[in-house]
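Chains as they are written, first to last, in the UniProt record's numbering: chain D, 1 to 266; chain L, 1 to 266. Notes follow once the structure below has been shown.
Number of protein chains: 2
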Amino acid sequence: MEKNYKLTIAYKGTDYSGWQVQPQLKTVQGVVKETFKSMFKSEIRLMGSGRTDAGVHALGQVANFKSEISIPPEKLVQALNSNLPRDIRIKECCIMDDEFHSRFSAVGKTYLYYIYNSRVGSPFLKDYSYLIPYRLDFHKMEKAAEGFKGEHDFFGFMSTGSPVKDTVRTIYDIKLQKQNDMIAMEVTGNGFLYNMVRIIAGTLIDVGREKIHAEDIGKIIDSKDRSRGGHTAKANGLFLKKVYYSEDEILKCTSKKTLDTLGALL
Amino acid sequence: MEKNYKLTIAYKGTDYSGWQVQPQLKTVQGVVKETFKSMFKSEIRLMGSGRTDAGVHALGQVANFKSEISIPPEKLVQALNSNLPRDIRIKECCIMDDEFHSRFSAVGKTYLYYIYNSRVGSPFLKDYSYLIPYRLDFHKMEKAAEGFKGEHDFFGFMSTGSPVKDTVRTIYDIKLQKQNDMIAMEVTGNGFLYNMVRIIAGTLIDVGREKIHAEDIGKIIDSKDRSRGGHTAKANGLFLKKVYYSEDEILKCTSKKTLDTLGALL
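Here is the structure:
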């Protein structure tokens, strides 16, 4: 009997051309599919909750596949981790009912974005944070972040090349925290447009550099004009932290007030 | 006139065969020397506070060299960082009096050691922590750590191949902290024998696995028998955090009670 397996996957995106399978390129989806195939001699259709770009990381990407193969979920975790490269780790496996779909069943996501604000880069965090060697006004950035909360048409916070028609999204929560040279942004919403988190991060950086006024965020969103927002922050600072499949889970996460700057990586 | 330049250097040791120059191998000392030479057409004798092994990292290695070249320290930092690979960063440069020597003037060091205690490894922290997929009793490890404090003959906590005669060292402070799956150890002493920090870490792990009794640390040290201590923990978890050149500085550091598990990397 066919079972519906849900995988929660962490990966370091640095050496991958993103999540989605592409001919001739090493991608996370491709490597997981190939690993499964070489282990079980069986092809799977592995569906992710969404794409991540080259260099973007995941603490908790979710993917599902249906298979006739019968293996206890905890054994599948062990077996896959023994065969996958060390920069991709299966954190969890569950068997779901037949209707579960990693993308269509998702009701929200949390992303993390790390900004390393120092004249000298860190040799340890270079793959995990966007280096900004200029002074940033953190309090202005915090103030500007408030402007993103709620339901808005984020048409102007999307990179071109996306076929999406409905560009209205709700941001439930956005928090900034500073610890020494690191600024962490955590944002939770019901969905995100292509590059939306990176454009929000870039806009907050441009506010910190006093190129954009913190008070103008609402006007910039309403303008639906991509050129009025900030630049698109680099891929290396972005982590897909969590994908939600129930509204309750989102509420629990947004009510937590602390954001542990690097502790999230643990 | 010749000046005595002191450099504070951070590096990710993963892709280097340690600090010390070795023929045919990429080492941190070698890369810094070669970078200086290619920039200033001048050879330097770069002396480090001590060697670090392949895969070991530094947050604050200290090295000094004497040179006729006259360049303001902050300019030298910028110039070197523009030319060095991104996994080596000059954090600071000072001009010292003629007597200063990175190794002989040092009065103490602090090392950090990270243990990642989880059945599933982290794709982000694999180069920065030693993965222990077995249950560790953290409270026993904390208790055992106390046994290392003070002045002892650490002959049994040294790997062979070291020409050192005096094996008495003082550990001023040793702290453990646990945050989710990460255990961080911070140890400060007046000096450390070859592999001593990694053998202490390995011994604490073996205590956590209940292979060694927490109460036996004193006896094991006094036995001066390498075979009675724990295994040598892997190089990837080790960071040289700080080198001290005054007793006051050490006292200030050991009096701080908090150890921020990953925050130290910031």
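Even glycine gets a Cβ: it sits at the ideal position worked out from N, Cα and C.
Taking CB atoms only, D:D87 has a neighbour in chain L less than 8 Å away. DSSP, read as helix, strand or coil, puts D:N195 in coil. Secondary-structure assignment with DSSP links L:C93 through a beta bridge to L:L7.
Per DSSP, L:S67 lies in no alpha helix (DSSP H) segment; the continuous beta strand (DSSP E) that holds it begins and ends at 57 to 67.
Neighbours of L:L251 in chain D, taken as residues whose beta carbon is under 9 Å from its own, are absent, since the nearest beta carbon is some 22 Å off. Between the alpha carbons of D:G202 and L:E92 lies a distance of about 29 Å. Just so you know, the alpha carbons of D:K175 and D:E186 end up roughly 5 Å apart.
Residue-level contact by beta carbon fails for L:V62 and chain D, as no gap is shorter than 8 Å.
For D:A63 and D:R45, the gap between their C-alpha atoms comes out near 10 Å. Listed along chain D, the residues sitting closer than 7 Å to L:K12 by beta-carbon distance are P123, F124. The C-beta of D:M141 comes no closer than 8 Å to any C-beta of chain L. Each residue's CA atom was taken as its position, placing L:G55 and L:L240 some 12 Å apart.
Residues of chain D with a Cβ closer than 9 Å to the Cβ of L:V28 do not exist; the shortest Cβ-Cβ separation is about 10 Å. Residues of the UniProt domain "Pseudouridine synthase I TruA alpha/beta" (144 to 246) of chain L that bring their beta carbon within less than 8 Å of a beta carbon in chain D comprise Q179, N180, D181, M182, in sequence order. Sequence-distant Cβ neighbours of L:F100 in its own chain, meaning closer than 7 Å and more than five residues away, are N4, K6, N64.
Taking 8 Å as the CB threshold, L:N117 stays off the interface with chain D. The beta carbon of D:L84 lies closer than 6 Å to those of T35 in the same chain, with the five residues before and after it left out.
Taking CB atoms only, D:G263 has a neighbour in chain L less than 8 Å away. With fewer than 16 other CB atoms across the displayed protein chains lying within 10 angstroms of its CB, L:V168 is exposed. When rounded, the separation of the alpha-carbon atoms in L:V21 and L:G30 is 5 Å.
Contact annotation, D:K66 with D:F155: C-beta distance approximately 35 Å; criterion of less than 8 Å not satisfied. Inter-residue distance for D:I200 and L:I71 is about 41 Å (C-alpha atoms, whole angstroms). In this structure, D:D137 lies away from D:E74, with their beta-carbon atoms at least 8 Å apart. At the C-beta level, L:A10 and L:L59 come within 8 Å of one another. Excluding its 5 nearest sequence neighbours in each direction, L:M96 has C-beta neighbours in its own chain below 7 Å: N4, K6, N64, listed in chain order.
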